[in-house]
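For the sequence shown, the positions run 1 to 312 when the numbering used here is used.
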Amino acid sequence: MTPKTAPAHAAVTLPRITAILNQKGGVGKTGLTAGTGGALSERGRRTLLVDLDPQGHLTTEALGLEEADSTHPNLAAALTGEFTGPTSDLVVQHSQSAAGGCLDVLPHCVSMFLVVRKLHAARSPEHRLTRVLRQLEGSYDHVLIDCPPSLDVLTDTALVASDGLLVPVQPSNTSLRALRLLIEQVAVIEEELQIPRRDLHGLVPGVYRRPLSGIARYKMQELEEYGVSDGEVPALPILAHLPLAAAVEEAWLSGQTLTDYQPAAPIADAYRRIALHLDVAAGLSSAAELEGLPALETVTPSAVTSSTAEGK
1 MTPKTAPAHA AVTLPRITAI LNQKGGVGKT GLTAGTGGAL SERGRRTLLV
51 DLDPQGHLTT EALGLEEADS THPNLAAALT GEFTGPTSDL VVQHSQSAAG
101 GCLDVLPHCV SMFLVVRKLH AARSPEHRLT RVLRQLEGSY DHVLIDCPPS
151 LDVLTDTALV ASDGLLVPVQ PSNTSLRALR LLIEQVAVIE EELQIPRRDL
201 HGLVPGVYRR PLSGIARYKM QELEEYGVSD GEVPALPILA HLPLAAAVEE
251 AWLSGQTLTD YQPAAPIADA YRRIALHLDV AAGLSSAAEL EGLPALETVT
301 PSAVTSSTAE GK
């Protein structure tokens, strides 16, 4: 896929805010956030990545940035109300940018692990991230939030602040069960917090090896044919595939996004495809661009082989 640079456009008052979440760990949330953010910047979009995970892997491992100093203004302090200054003071610029775009980060800080406890004692904690990001209206086209691997109060803040959700998933029994639970739990949270239904942009299968094992092929086929549909929950489209690739780890070690480090890699095109989906959802790109993309690789029944163990 040849990356397209977005034409100059008027400032967008409200950025498109996407929460990247799955309560199951190890499904590729952080890689998806960094890779898609890089692809959006490559398109010329002004992009902000928010490291909401107390583990901080997006900031340090994926982007090669330093954690924010806990003794200085930081995201954790902004969420708890200990810092009330401008959010722009917390933003760190990443080295990648392209044709009018940018890649900025609200980085992790060590004191982030204390935020959950403090927010539980706070008033209306689920709206804290919304207030923090509201100060940046007009500065970005897209905001991507790397959520914790749990449905806690931090994830609640991301749900309230976001317009839509992007869900990474593995083709495995445990991951698919967690996915169904996630969709149900998100609906409950939306009802409890009385917020509108968030757009479910789709699924991104990842963190799997090729060739697929027999069980993984069956689970991938289930994702492709049914999504998470059970007759009540609508099926979600698969936006792209992100199998394990050495280039991802190499890009992380270099502190670069994948589209910057190895722009011709197939996985870079996968990130571009996801970025285009989000751009169309934001009204910044035409749906005709999506229609012009090559079809995703699928798993057909004839390609599925039997296996008695998930790990084979």
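The beta-carbon is built from N, C-alpha and C at its ideal position, and this holds for glycine as well. Computed from a prediction, not measured in an experiment: that's the story for all the values here.
Looking at the backbone, the Cα of Ser111 and that of Val204 are separated by about 31 Å. With contacts defined by Cβ atoms closer than 9 Å, Asp51 and Leu75 form a contacting pair. Under the DSSP assignment, His108 falls outside any beta strand (DSSP E); it carries neither an H nor an E label.
Judged by DSSP in its simplified three-state form, Arg45 adopts coil rather than helix or strand. According to DSSP, Leu165 shares a beta bridge with Ala19, Leu200.
If you look at His72, you'll find it isn't in any alpha helix (DSSP H); DSSP assigns it neither H nor E. Residue range 142-146 is occupied by the beta strand (DSSP E) that includes Leu144. Setting aside the 5 residues that flank it on each side, Tyr271 is surrounded in the same chain by Gly35, Thr36, Gly38, Ala39, Leu258, Thr259, each with a C-beta closer than 7 Å to its C-beta; the list follows chain order. Each of Gly64, Ser172, Pro73, Val132 was checked against the Cα of Gln93, and the nearest Cα belongs to Gly64. The Cβ atoms of Asp163 and Asp141 do not sit closer than 9 Å to each other. Relative to Ala78, the option among Leu181, Lys118, Val167, Ser286 whose CA is nearest is Lys118. Cβ-Cβ distances below 7 Å link Ser175 to Lys24, Val27, Val169 in the same chain, with the five nearest sequence neighbours on each side left out; the list follows chain order. Taking the Cα of Leu32 as reference, the smallest distance to any Cα among Gly206, Arg217, Gln262 is reached at Gly206.
In the three-state reduction of the DSSP assignment, Gln93 falls in the strand class, which pools E and B. The stretch 235-247 makes contact with the stretch 266-286, as at least three CB pairs between them are under 8 Å. Residue range 266-281 is occupied by the alpha helix (DSSP H) that includes Arg273. Apart from the 5 residues on each side of it in sequence, Ile145 sits with its Cβ closer than 6 Å to the Cβ of Ala19, Val50, Leu52, Ala158 in its chain, given in chain order.
Shown here, Val50 sits in a strand according to DSSP, grouped into three states.
By the C-beta density criterion, Asp69 is exposed, having fewer than 16 other C-beta atoms within 10 angstroms.
Close CB contacts of Gln262 within its chain, under the 8 Å cut and outside five residues either way in sequence, are with Ala247, Glu250, Ala251, Ala268 (chain order).
Residue range 287-291 is occupied by the alpha helix (DSSP H) that includes Ala288.
About 26 Å separates the CB atoms of Gly85 and Ser41; that is not less than 8 Å, and the two are not in contact. Rounded to whole angstroms, the gap between the alpha carbons of Ala281 and Val91 is 25 Å.
Among the bridge pairs identified by DSSP, Ala68 is matched with Cys109. About 6 Å separates the CB atoms of Val160 and Leu193; that is less than 8 Å, so the two are in contact.
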